[in-house]
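Undergrad: I have a structure here, written as structure tokens, and I will follow up with some questions on it.
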Amino acid sequence: MSRLILVSNRVSTPKARGDEVSQGGLAVALSAALRETGGIWFGWSGETIETFSGEINRQSADGVTIATVDLEPQDVDEYYNGYANRTLWPLFHYRIDLAEFDLQFGAGYERVNDRFAATVAPLIEPDDIIWVHDYHLIPLGQRLRRKGLRNPMGFFLHIPWPPYRLMTALPFHRRLVESILEYDVIGFQTSEWLDSFRHYLVTEMGLKIDGDILVYRGRRIKLGAYPIGIDGAQLDRMVTTHNAQEAFKTVRRSAPNQKTVIGVDRLDYSKGLIERFQGYRYFLEHYPDWHSKVFLLQIAPPSRGEVHTYEDIRKQLDELSGRINGAFAHVDWVPIRYVNQAYPRDGLTGFYRASDVALVTPLRDGMNLVAKEFVAAQDPEDPGVLILSKFAGAAEAMGRALLVNPHSKEQISKALERALTMPLSERRDRWEALNDVVRKEDVTAWRDTFLADLRQAEDKLFFATPP
Ligand code: G6P
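As numbered in my numbering, the sequence shown has no gaps in its residue numbers, which increase by one up to the final residue, 467.
Encoded structure:
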């Protein structure tokens with residue numbers, strides 16, 4: 001079987017097999033595929049160096065080789081904090097108001113993609129297949145092709161693809177999209193993001209798509225939706241660990257007569273945290289009987305702190321949580337426990353299991369795995385209720401959750417009341433349906449379906465790029 005080369009901005013550093021706390025399901029599934037083919041995972045080391053050298057830091061553990069490269073501080077500013085997280089991230093999450101269009105960012109993005117290509121190309125052999133991940137590295141495939149590489153190359157976008165009209169607000173959008181078309185397989189999380197991409201190709205570029213195959217400059221490109229999932233068996237193991245059990249007890253003991261509503265999100269404006277807190281406040285205003293009987297546990301570890309929009313949202317949330325607590329708290333009850341700390345993954349599963357309701361209400365999200373982990377961590381005899389944003393990719397297959405418009409405080413409030421009073425039989429019914437989806441559309445299915453299509457590109461579909 002041909003060797004797999006993975007490329008992503010962040011790599012998961014090798015851990016002893018079975019170290020489930022520090023490696024997420026995604027990293028474990030990808031590492032397993034690498035191990036099977038003796039492959040390499042390449043990305044940024046997370047470190048900076050004064051002058052870029054292209055020197056590779058190599059680590060091998062448990063049959064997986066990790067190769068990383070250091071970037072210059074200017075690279076990190078312009079490529080990671082700049083084009084990736086101040087231009088593409090907000091725009092692709094429908095936040096054109098937060099997107100910054102700066103030529104320097106674009107130049108840095110292209111420079112780093114060139115640097116990645118120059119560094120990884122010598123590691124690639126003619127029979128390898130290459131799988132590139134996420135918005136940081138869209139043009140990487142094109143840069144590798146320019147170096148003469150003819151290998152099958154796939155790209156998977158973990159975040160939404162924006163609607164056509166939003167995409168055209170990006171200066172030089174066409175240049176970015178044309179670079180994507182150098183891959184042989186292009187994958188999205190959901191059919192909604194895939195449709196937006198197809199719409200762009202048809203409307204902006206006048207291309208014709210036959211089923212899921214786009215013929216472009218004599219090459220056949222497969223377009224697909226590959227919903228990412230969790231590793232159910234890993235989650236089942238984590239929820240039984242000591243850490244998970246302690247976390248479970250901590251929540252239950254801390255408020256024995258209260259229901260727990262949980263939210264777990266990176267502190268990001270796309271996650272709808274302000275709107276969630278406002279929805280919860282509206283609930284407290286309209287259902288005063290619930291005072292002292294429920295609390296919201298919001299875990300939100302800070303993220304991308306060098307980007308000012310992230311500093312802004314953090315300040316707003318500090319203020320809003322303080323205001324809500326100030327307005328409603330009693331001596332023996334605090335309505336929101338707002339925690340900026342990160343927890344080990346197994347501990348989180350204990351929090352999920354101890355909770356009666358999860359509020360997963362992003363304004364936009366490529367998929368959202370918290371929704372899936374919450375479901376998988378429940379006690380089948382007495383499962384909690386998932387309140388899920390219609391605008392999370394996860395909603396496409398999780399219609400038995402209580403779906404809400406995350407912008408509507410009324411809908412969040414009503415859904416909370418409904419979830420907290422839902423009879424056990426309905427809870428079980430909904431949970432079983434959701435759990436079936438979560439277990440079926442798991443991370444292994446995601447990986448294997450994508451790789452099968454990529455290998456097909458190798459066998460049947462792929463025609464070398466004309467010179
Ligand atoms: C999202 C992106 C990932 C990214 C992660 C954490 O899930 O799709 O590519 O790694 O957020 O963000 P960070 O900027 O810390 O890598």
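Note that CB positions come from ideal geometry on N, CA and C, so glycine has one too.
Taking the alpha helix (DSSP H) that LYS222 belongs to, which residues open and close that run?
TA: That residue, LYS222, is in no alpha helix (DSSP H); its beta strand (DSSP E) goes 219-225.
Undergrad: Closer than 7 Å by C-beta to PHE463: which residues in its own chain qualify, once you throw out the five before and the five after it? Chain order, please.
TA: Unreliable placement is indicated for PHE463, whose pLDDT of 49 sits below 50; no coordinate value is reported for it.
Undergrad: Would you say THR68 and ILE40 are within 8 Å of each other, going by their C-beta atoms?
TA: No, the Cβ-Cβ distance between THR68 and ILE40 is not below 8 Å.
Undergrad: Near GLN378, what residues of its chain come up, given a Cβ to Cβ distance below 8 Å and the 5 sequence neighbours on each side ignored?
TA: So the qualifying residues of the chain are TYR352, ARG353, GLY384, TRP431, ASN435.
Undergrad: Please state whether DSSP places ILE213 in a helix, a strand or coil.
TA: Three-state result, ILE213: strand.
Undergrad: How many Å lie between ASP453 and TYR183 at the Cα?
TA: Distance between the alpha carbons of ASP453 and TYR183 is about 12 Å.
Undergrad: Flag ASN9 as yes when its Cβ comes closer than 7 Å to any non-hydrogen atom of the ligand G6P, and as no otherwise.
TA: Yes, Cβ of ASN9 sits closer than 7 Å to a heavy atom of the ligand G6P.
Undergrad: What is the rounded straight-line gap between the Cα of LEU149 and the Cα of ALA118?
TA: Cα-Cα distance, rounded: 12 Å.
Undergrad: So, under 8 Å CB-CB, ASN9 and ASP134 are touching, yes? Tell me the CB distance rounded to an integer number of Å.
TA: Sure, about 7 Å apart at Cβ, within 8 Å.
Undergrad: State buried or exposed for PRO362, treating a residue as buried only when at least 16 other CB atoms are found within 10 Å of its CB.
TA: So PRO362 ends up on the buried side.
Undergrad: Is there contact here, the region 290-297 with the region 385-399, by at least three beta-carbon pairs under 8 Å?
TA: No: fewer than three Cβ pairs fall under 8 Å.
Undergrad: Residue ranges of each beta strand (DSSP E) run of no fewer than 3 residues wholly in the region 219-306, ordered along the chain?
TA: Complete beta strand (DSSP E) runs here, min 3: 219-225, 259-264, 294-299.
Undergrad: Taking the CB atoms as reference points, tell me whether LEU98 and TYR226 lie closer together than 8 Å.
TA: It is not a contact, given that the beta carbons lie outside the stated cut-off.
Undergrad: With 16 as the cutoff for other CB atoms within 10 Å, does THR240 come out buried or exposed?
TA: Under this definition THR240 is an exposed residue.
Undergrad: In whole angstroms, what separates the C-alpha of ARG323 from that of GLN189?
TA: Cα to Cα, ARG323 sits roughly 37 Å from GLN189.
Undergrad: Expressed to the nearest angstrom, what Euclidean distance is found between the alpha-carbon atoms of LYS147 and PHE116?
TA: Those two C-alpha atoms are separated by around 12 Å.
Undergrad: Pull up the distance between the alpha-carbon of PRO467 and that of ASN151, whole angstroms please.
TA: At PRO467, the pLDDT of 40 sits below 50, so the modelled position is not reliable; the number obtained from the coordinates is stated separately. Taking the straight line joining both Cα atoms gives about 15 Å.
Undergrad: Classify HIS158 as helix, strand or coil using the three-state DSSP reduction.
TA: It is coil, neither helix nor strand.
Undergrad: Less than 7 Å between the CB of SER413 and some heavy atom of the ligand G6P, yes or no?
TA: The answer is no for SER413.
Undergrad: Could you tell me the distance, in whole angstroms, from the CA atom of GLU285 to the CA atom of VAL334?
TA: Spanning the two alpha carbons is a distance of roughly 15 Å.
Undergrad: Does the beta-carbon of SER425 have 16 or more other beta-carbons within 10 angstroms, so that it is buried, or is it exposed?
TA: It counts as exposed.
Undergrad: Any chance the CB of ASP134 is under 7 Å from a heavy atom of the ligand G6P?
TA: Yes, Cβ of ASP134 sits closer than 7 Å to a heavy atom of the ligand G6P.
Undergrad: Per the contact definition of three or more C-beta pairs closer than 8 Å, is the region 366-373 in contact with the region 391-409?
TA: Segments in contact, yes.
Undergrad: What are the partner residues of SER60, as DSSP defines its beta bridges?
TA: Beta-bridge pairing links SER60 to THR65.
Undergrad: So within the region 61-121, which uninterrupted beta strand (DSSP E) runs reach at least 3 residues, ignoring any that extend past its ends?
TA: Listed in chain order, the complete beta strand (DSSP E) runs (minimum 3 residues) inside the region 61-121 are 64-71.
Undergrad: Assuming contact is defined by CB atoms lying nearer than 8 Å, are HIS136 and ALA61 in contact in what I supplied?
TA: No, the pair does not count as a contact, with Cβ atoms beyond the cut-off.
Undergrad: Starting from ARG175 and walking both ways along the alpha helix (DSSP H), at which residues does that stretch end?
TA: Run containing ARG175: 173-180, per the alpha helix (DSSP H) assignment.
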